[in-house]
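Engineer:
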Amino acid sequence: MFNDTIAAISTPLGEGGLAVVRLSGREAFAVGDRCFRPAGKSSQPLASAPTHTIQFGRIVHGGRMVDEVLVAVMRAPRTFTREDVAEISCHGGLLPAKLVLDAVLASGARLAEPGEFTKRAFLNGRIDLAQAEAVADIIHSQTELALAAANEQLAGKLSQRIHRLRDELMHTLAHVEAHLDFPEEDIAPDTREALEARLERSLAFMDELLATAAEGQILRRGVRVAIVGRPNVGKSSLLNQLLGRDRAITSPIPGTTRDTIEETANIRGLPVVLVDTAGLREAGDAIEAEGIRRSREALARAELVLHVLDASEPLMAADEAFLREFAATRRLLVLNKADRPRRLALPAELAAGAVAVSCLSGAGLEALKDALKERIWSGEIRAEMLQVMINSRHQDALRRARVATETARDALRQNVSLDLVAVDLRIAVNAVGEVVGRTATENLLDSIFGQFCLGK
Ligand SMILES: Nc1nc2c(ncn2[C@@H]2O[C@H](COP(=O)(O)OP(=O)(O)OP(=O)(O)O)[C@@H](O)[C@H]2O)c(=O)[nH]1
Ligand SMILES: [Mg+2]
Numbered sequence: 037m038f039n040d041t042i043a044a045i046s047t048p049l050g051e052g053g054l055a056v057v058r059l060s061g062r063e064a065f066a067v068g069d070r071c072f073r074p075a076g077k078s079s080q081p082l083a084s085a086p087t088h089t090i091q092f093g094r095i096v097h098g099g100r101m102v103d104e105v106l107v108a109v110m111r112a113p114r115t116f117t118r119e120d121v122a123e124i125s126c127h128g129g130l131l132p133a134k135l136v137l138d139a140v141l142a143s144g145a146r147l148a149e150p151g152e153f154t155k156r157a158f159l160n161g162r163i164d165l166a167q168a169e170a171v172a173d174i175i176h177s178q179t180e181l182a183l184a185a186a187n188e189q190l191a192g193k194l195s196q197r198i199h200r201l202r203d204e205l206m207h208t209l210a211h212v213e214a215h216l217d218f219p220e221e222d223i224a225p226d227t228r229e230a231l232e233a234r235l236e237r238s239l240a241f242m243d244e245l246l247a248t249a250a251e252g253q254i255l256r257r258g259v260r261v262a263i264v265g266r267p268n269v270g271k272s273s274l275l276n277q278l279l280g281r282d283r284a285i286t287s288p289i290p291g292t293t294r295d296t297i298e299e300t301a302n303i304r305g306l307p308v309v310l311v312d313t314a315g316l317r318e319a320g321d322a323i324e325a326e327g328i329r330r331s332r333e334a335l336a337r338a339e340l341v342l343h344v345l346d347a348s349e350p351l352m353a354a355d356e357a358f359l360r361e362f363a364a365t366r367r368l369l370v371l372n373k374a375d376r377p378r379r380l381a382l383p384a385e386l387a388a389g390a391v392a393v394s395c396l397s398g399a400g401l402e403a404l405k406d407a408l409k410e411r412i413w414s415g416e417i418r419a420e421m422l423q424v425m426i427n428s429r430h431q432d433a434l435r436r437a438r439v440a441t442e443t444a445r446d447a448l449r450q451n452v453s454l455d456l457v458a459v460d461l462r463i464a465v466n467a468v469g470e471v472v473g474r475t476a477t478e479n480l481l482d483s484i485f486g487q488f489c490l491g492k
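In C-alpha cells:
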C-alpha cells in the first residue's frame, strides 16, 4: 500500500539497557541489509532470514562499525503494520540508537512521523481506528485499571459493539430503501412499526455506550483534584501522603508552598491529578500573590476540591470564608492533625461528610482514599465495565448518530416520506462508522495519530 520504508527509535530517549530502532515497509529488509552485517555461523542477511527469527550482527555506517545488534525479522502480513518489519535492538542510550537510526536512514529509510507505524496498521486494515486509539491509551495509561480498559479496546470489545450497532442501522436502512419505490399508501402500518421498534433498539444501545463516557474520561485523563485551605493546615503534607513520597516541601512556616504542584496519584486504581496549592490568604509579597492567583486558577479547573482544615485549631475566619465559597462545588472536607487534641468545632451537616486524618501518623488516609474514590466513581468498579469506555471523540460521533436516529424514528412515527427517513439513517450509519474509522477524513487521522509519540 505504501512505497516508502519508515524508521524511528521506538524506545524512550535516554539511557537504558536496550534501545529499539524499528523499520517498516516494502523495503525494510533491503534497507536493513545495506547497513547490517550478519555475524556468527547461524546469522544471515535479513532478506533471506526466515520470518519471526532474530539475527545477530553489526550495524555499519560509512565503513565504520556503529553497534552490535540483534535484529528481529518479521515478514508481512503477520506484523504490527502488516508490512515487512525489522526491529533492531542496539545498546541503550541516546547515542547508539541515534547512530543506528542514522545508518538506517542513510540506507534508504525515511524518518517516521509520530504515530506513523500505528497509522499504517490502521490503513493496512490490521486494526480499526478505535483500536489505534487504544494503542495510545495503553502508552499513556497511568493505572492498571486504565491499562485494562485500553487493552479491552485494543482487543476490539468496543469495535465489536460499534459494528453490531452499525449493522443494525444498515439493516433498517436497507428495509427503508426497499420501500422507497412504492407509493406511501402501499406501506403497511406494521412495517413502519417494526422499523420504529428496530430504531428504538438502536437508540437504547447508543445510550448504553454513551453512558460509559464519564468513566472513560476519568480513566484516560484522570480527575483533577485541588488541595486547598489556609496556610499551614497540612496541604503539602497531604499531597505527599497521597502520593506516597516526599514531593512537596512542608514546614511549620505558613506560606511554604508558593507555586502550584501537580502530580498524578493512583487512588484505588483511578488516576487522580492532585494539585497542591499555595495557602489562600492576603498575600505578603508579589510572589505569594502570584502563587495565590495560580491557586485560584487550579481551583477553577478542579473537578473536586479537597478542603483541608486544621482540627487542632478552632475554626478561623479564613476557613469559614472558604467553607462558604466551596459549598457549591464538589468538595471533600479533610480534618488534618487528628493526632493532636481536637479544638475544631464544625456544624453537624459539615462534620458528617468530613474525613479526619493525620498526615503525621498516616491515620485516616485509607478512609480518605475510599472517600475520594467514592466521590469520583460511585459504585463498584466491575471488570465488565472496563470492556467499553468510550472517549470524547466516540462520544461526539455517537451523539450525532443518536440525534439522526431519533429524527428518523420520529419521522416514521409521523408518517413522513421514507426518503427523509433514509437520509437521516445514512447520517447515523456514517457517524457510527466514524468511531471505528470507516468514515474518516485525513484531518481526523492527523489529529489522532499526531498525538502519538515518535516510533509508535
Ligand atoms: N501534628 C501534625 N502536624 C502536621 C500534620 N500535617 C502537617 N503537619 C505539620 O504542619 C506544618 C505545615 O504543613 P504543610 O504541609 O507544609 O502545610 P501547608 O498547608 O502545605 O502550608 P502552606 O504551604 O504554607 O500553605 C508542618 O510543620 C507539618 O509537619 C499532622 O497531621 N499532624
Ligand atoms: Mg504547602
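The sequence shown begins at 37 in my numbering and counts up by one.
Positions of the beta carbon are idealized from the N, C-alpha and C atoms, including for glycine.
In this text, all values refer to a predicted model and were calculated from it rather than measured experimentally.
Whether or not the region 229-245 and the region 308-316 are in contact is what I'm after, with contact meaning three or more pairs of Cβ atoms, one per stretch, closer than 8 Å; do they touch?
Structural biologist: Short answer: they don't touch.
Engineer: Could you tell me if serine 483 is buried or exposed, where buried requires 16 or more neighbouring beta carbons within 10 angstroms of its beta carbon?
Structural biologist: The residue given as residue 483 occupies position 447 in the sequence shown. The residue in question, serine 483, is exposed, as its Cβ has fewer than 16 Cβ neighbours within 10 Å.
Engineer: How is the beta strand (DSSP E) around valine 264 delimited, first residue to last?
Structural biologist: Along the sequence shown, read from residue 1 onward, the residue named residue 264 stands at position 228. Its beta strand (DSSP E) spans residues 259-264.
Engineer: Just how far apart, CA to CA, sit alanine 139 and serine 78?
Structural biologist: Taking the first residue of the sequence shown as position 1, residue 139 is located at position 103. Taking the first residue of the sequence shown as position 1, residue 78 is located at position 42. Rounded to the nearest angstrom, the two C-alpha atoms are 24 Å apart.
Engineer: According to DSSP, which residues form a beta bridge with isoleucine 303?
Structural biologist: Numbered from 1 along the sequence shown, position 267 holds the residue referred to as residue 303. In the DSSP output, where bridge partners are listed per residue, isoleucine 303 has Leu306.
Engineer: Just to check, is the beta-carbon of aspartate 375 closer than 7 Å to a non-hydrogen atom of ligand 1?
Structural biologist: Here residue 375 corresponds to residue number 339 of the sequence shown, with the count starting at 1. Checking every heavy atom of ligand 1 against the Cβ of aspartate 375, one is found closer than 7 Å.
Engineer: So is the beta-carbon of alanine 390 under 7 Å away from any non-hydrogen atom of ligand 1?
Structural biologist: Start at 1 with the first residue of the sequence shown, and residue 390 comes out as number 354. Flag unset: Cβ of alanine 390 not near ligand 1.
Engineer: My output table needs one value for histidine 215: the three-state DSSP class, helix, strand or coil.
Structural biologist: Residue 215 sits at position 179 when you count from the first residue of the sequence shown. Reduced to three states, the DSSP call for histidine 215 is coil.
Engineer: Please classify leucine 401: does DSSP put it in a helix, a strand, or coil?
Structural biologist: Reading the sequence shown from its first residue, position 365 is the one you call residue 401. Three-state result, leucine 401: helix.
Engineer: In or out: leucine 216 buried (at least 16 other Cβ within 10 Å) or exposed?
Structural biologist: Numbered from its first residue, the sequence shown carries residue 216 at position 180. So leucine 216 counts as exposed.
Engineer: Using 8 Å as the cut-off, can you tell me whether the region 64-75 makes contact with the region 84-98, which would need three or more C-beta pairs spanning the two stretches below that distance?
Structural biologist: A contact exists between the region 64-75 and the region 84-98.
Engineer: Could you name each continuous alpha helix (DSSP H) segment of 4 residues or more that falls completely within the region 309-359, going from the start of the chain to the end?
Structural biologist: Segments of the alpha helix (DSSP H) lying fully in the region 309-359: 322-337.
Engineer: Quick one: grab the DSSP three-state call for histidine 207.
Structural biologist: Counted from its first residue, the sequence shown places residue 207 at position 171. It is helical.
Engineer: Under 7 Å from any heavy atom of ligand 2, does the C-beta of threonine 292 make it?
Structural biologist: As a first step, residue 292 must be located in the sequence shown, where it is residue number 256. Yes, the beta carbon of threonine 292 sits closer than 7 Å to at least one heavy atom of ligand 2.
Engineer: For the region 441-458 and the region 403-421, state whether three or more C-beta atom pairs, one from each stretch, are separated by less than 8 Å.
Structural biologist: Cβ pair count under 8 Å is below three, so no.
Engineer: Work out the CA separation of proline 150 and alanine 112 for me, nearest whole Å.
Structural biologist: Mapped onto the sequence shown, residue 112 falls at position 76. Mapped onto the sequence shown, residue 150 falls at position 114. Using only the alpha carbons, I get a separation of about 22 Å.
Engineer: In chain order, what residues of the same chain have a beta carbon less than 7 Å from the beta carbon of arginine 294, not counting five sequence neighbours either side?
Structural biologist: The residue given as residue 294 occupies position 258 in the sequence shown. For arginine 294, where only same-chain residues beyond five positions count, the Cβ hits under 7 Å are Ala314, Ile323, Glu324 and Gly327.
Engineer: Please name the residue in Ala433, Ser394, Leu209 and Pro288 whose C-alpha comes closest to that of alanine 249.
Structural biologist: Walking along the sequence shown from the start, residue 249 turns up at place 213. Per the Cα distances, Ala433.
Engineer: Verify whether the separation of the beta carbon atoms of methionine 206 and valine 459 is less than 8 Å.
Structural biologist: Taking the first residue of the sequence shown as 1, we reach residue 206 at position 170. Taking the first residue of the sequence shown as 1, we reach residue 459 at position 423. Result no, Cβ atoms of methionine 206 and valine 459 do not sit closer than 8 Å.
Engineer: Give me the residue from Arg58, Val121, Asp103 and Asn160 with the minimum Cα distance to proline 86.
Structural biologist: In the sequence shown, the residue the question calls residue 86 occupies position 50. With distances taken between Cα atoms, proline 86 lies closest to Val121.
Engineer: Mapping the DSSP letters down to three states, classify methionine 101 as helix, strand or coil.
Structural biologist: Within the sequence shown, numbered from 1, the residue matching residue 101 stands at position 65. Of the three classes helix, strand and coil, the one that applies to methionine 101 here is strand, per DSSP.
Engineer: Considering glutamate 123, what are the terminal residues of the alpha helix (DSSP H) in which it resides?
Structural biologist: As a working mapping, residue 123 is identified with position 87 in the sequence shown. Where glutamate 123 is concerned, there is no enclosing alpha helix (DSSP H), although the beta strand (DSSP E) it sits in stretches over 121-127.
Engineer: Taking Cβ to Cβ, would you say valine 344 is nearer than 8 Å to leucine 278?
Structural biologist: As a first step, residue 344 must be located in the sequence shown, where it is residue number 308. As a first step, residue 278 must be located in the sequence shown, where it is residue number 242. No.
Engineer: For leucine 54, which beta-bridge partners are listed by DSSP?
Structural biologist: Counting from 1 along the sequence shown, the entry for residue 54 is found at position 18. His127, per the DSSP bridge assignment.
Engineer: Cβ of proline 267 within 7 Å of any heavy atom in ligand 1?
Structural biologist: If you number the sequence shown from 1, residue 267 lands on position 231. Yes, ligand 1 has a heavy atom inside 7 Å of this Cβ.
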